Every structure is written in C-alpha cells, then in structure tokens.
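Here the structure comes first, spelled out in structure tokens, and everything after it is commentary.
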Amino acid sequence: MDISRQIADLATPGAEAAGLIVDGVAVAPAGKRTRVTITLDLPETEVGSASLDAIAVASRAIGAALDEANVPKSEYTLEVSTPGTDRTLTERRHFMRARTRLVTLDLAEGATASGRLVDVTDDSVVLEIAGERSSFALADIADGRIEVEMKKMKTAKFAEEDAPDGH
C-alpha cells in the first residue's frame, strides 16, 4: 500500500472524530526527516470554515495514530492544515464547499464566468451573475477559484470588548 494512502487511512478516524474529512496527504523528504502534510476540511455538506479547535483535536489524534502504527517508519514532522481559499476548485466536492462564495470558473472552451456559487447539483454548478442564475456543467469547467471579497473583510470589525487589551 502507498504510504500516502496508509497515512490517509490512519488519519481518517481522528479527522472524523473532530467533524472533518481528510482532503489530502502529501509525504516528502525534509532533510533527515519526513514531512507529512495532511489537509483537512469540513464535509462537503457544510458551509464555512473548519475551526482551529477542530483542527487541533484532529491533529493530536492523527499524530497519536501515526505514532502507534509507526508510520512513517522514519522521524517525521506532521503538518495539519485546511485547503485555504487558494485551493483550485476541480472536483464536485470542492464546489460544494465553496457554496455562498464568489467564484470564477475557467470553462473548457476558454471563457470565464464569475458570480456567487448558489447551488451544486449532481452534474452542474449554479452561479448568480448580476441577479440572474446560470448553470454550468461540471464537465465543461476546467477549474475554478474562490475570489477573496475585500468588502466583507473591511466591514468586519471587532467589538470594543473583543479587542486585545480593550483597545
């Protein structure tokens, strides 16, 4: 069995116990050690972001499972993260997780489409573009990406009592 698959199998119970899924595993040499990078995400039915607490719980459980199984066999560094907004959207589950977000699609014939991702069906995604809904077959999408919305970031403010040291 491939080491990445073996690590994913060992990581899955710890991820699921924290309400997450294993989205990817990468194993690479890092000097005398091995770097094991595990990407976790919320299940595709969820919208939002994985909490840091859930990532921490999963990370501890995954580290314990890898140590107990002695996988990898050499010393390793474990990195556990989420896909982030820069993940390329290539699979249905990626689009499911991006619902409610502003996205840009690169279509197979070379055109692009940008809008709010409002729905994902078995074989298509639905964007709201200028108040109108447009459907795009998954088979016609080369890839997509989430667009960071600066307006939303500018309107988010700390409540005075939430600011560090009351400032």
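Residue numbers for the sequence shown follow the working numbering, so the first one is 336 and each next one is one higher. Glycine included, each C-beta is placed from N, C-alpha and C at the ideal position. Just so you know, these numbers come straight off a predicted model, no measurement behind them.
In angstroms with no decimal places, state the Cα-to-Cα distance between residue i and residue j.
| i | j | result |
| --- | --- | --- |
| GLY479 | THR425 | 7 Å |
| ALA400 | ALA346 | 7 Å |
| PRO364 | ARG370 | 6 Å |
| ALA385 | ARG427 | 19 Å |
| LEU442 | LYS408 | 43 Å |
| GLY359 | THR417 | 10 Å |
| ASP344 | ARG395 | 16 Å |
| ASP362 | GLU351 | Note on residue identity: the sequence assigns Val, not Asp, to residue 362. If you take the alpha carbons of VAL362 and GLU351, they lie about 21 Å apart. |
| THR374 | VAL461 | 27 Å |
| PHE430 | GLY445 | 19 Å |
| ASP475 | ALA393 | 36 Å |
Give me the DSSP bridge partner(s) of residue i.
| i | result |
| --- | --- |
| PRO364 | THR369 |
| ALA472 | SER459 |
| GLY450 | VAL438 |
Who are the Cβ neighbours of residue i in its own chain at under 8 Å, not counting the five residues just before and after it?
| i | result |
| --- | --- |
| ILE397 | LEU345, ALA346, GLY349, ALA350, ILE373, LEU413 and VAL415 |
Apart from the five residues just before and just after residue i, which ones in its own chain have a Cβ nearer than 7 Å to its Cβ?
| i | result |
| --- | --- |
| LEU473 | ARG427, ASP458, SER459 and VAL460 |
Given residue i, which residues of its chain have a CB within under 6 Å of its CB, disregarding the five upstream and five downstream residues?
| i | result |
| --- | --- |
| SER470 | SER459 and VAL461 |
Q | the region 451-460 / the region 399-415 touching (three or more Cβ pairs under 8 Å) | A | no
Q.
Which complete beta strand (DSSP E) runs does the region 392-421 hold, if anything under 3 residues is left out?
A. 411-416
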